[in-house]
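First residue of the sequence shown? That's 57 in my numbering, and the numbers climb one at a time after it.
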Amino acid sequence: MKNIIYIIFFIASTSLNAQTKESDYFTLYKGGEKYLKPVKYVLFDSLNPNTERKKDKQKIYFHIMGESFVYKKNYAVDTCPINFLQKIKLDNPADLQKNAYKYFKNKKQEVERKTNSKLLVLNPVTNFFPYFKVYILERKNNNKLIKYEVDWEYSSF
Numbered sequence: 057m058k059n060i061i062y063i064i065f066f067i068a069s070t071s072l073n074a075q076t077k078e079s080d081y082f083t084l085y086k087g088g089e090k091y092l093k094p095v096k097y098v099l100f101d102s103l104n105p106n107t108e109r110k111k112d113k114q115k116i117y118f119h120i121m122g123e124s125f126v127y128k129k130n131y132a133v134d135t136c137p138i139n140f141l142q143k144i145k146l147d148n149p150a151d152l153q154k155n156a157y158k159y160f161k162n163k164k165q166e167v168e169r170k171t172n173s174k175l176l177v178l179n180p181v182t183n184f185f186p187y188f189k190v191y192i193l194e195r196k197n198n199n200k201l202i203k204y205e206v207d208w209e210y211s212s213f
């Protein structure tokens, strides 16, 4: 009986770890420890004049409030019911840059406290795109959303 419980635990832990990809992690400096990216959800509203969606053969570009996101064909797409919005917190794209800076600053201080070193980041940080995993939610009809995994490409920084 113990062996069965251990096997079930091993299979469950392996399958949970298999859900994350290499792109779901970031490092603060080359060769440093990897950290899981926080997930951010942004709602794409086609009726808003500050939003734009462009599509070419392999990519879909979302421009929302000065921020640009790119969906590539090999990234994940999922459909979900509209009540998914009640389970998550939507982020304002205009605040993503500020939130990413705060997250980076807090994570850097946490790592410096652990290692008793202030030499982690010697070069100035030019962007904060790699620190969040971003999903764009687009409403297709009254009861369905399409969830695109995207790269945060450009900011008004």
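C-beta: ideal position from N, C-alpha, C; glycine also. Note that this is a predicted model, so its numbers are computed, not measured.
- Message: Using 8 angstroms as the threshold, is the C-beta distance between TYR97 and ASP147 below it?
- Response: Contact: yes.
| query | In the structure shown, what three-state DSSP assignment does LYS128 receive? | reply | Three-state result, LYS128: strand.
Cβ of LEU99 within 8 angstroms of Cβ of LEU193?
-> Cβ atoms of LEU99 and LEU193: closer than 8 angstroms.
Residues bridged to ASP207 (per DSSP):
According to DSSP, residue pairing for ASP207 in a beta bridge involves VAL126.
_Only counting the same chain, and skipping five residues up and downstream in sequence, which positions put a Cβ closer than 6 angstroms to that of ARG109?_
Contacts found: PHE118.
* In terms of residues, what are the limits of the alpha helix (DSSP H) holding LEU141? -> Where LEU141 is concerned, the enclosing alpha helix (DSSP H) stretches over 140-143.
Next on the checklist: In the DSSP assignment, the alpha helix (DSSP H) including LYS158 goes from what residue to what residue?
Outcome noted: Residues 152-171.
Check your understanding: Looking at the unbroken beta strand (DSSP E) that takes in PRO137, where does it start and where does it end?
Key -> Start and end: 133-137.
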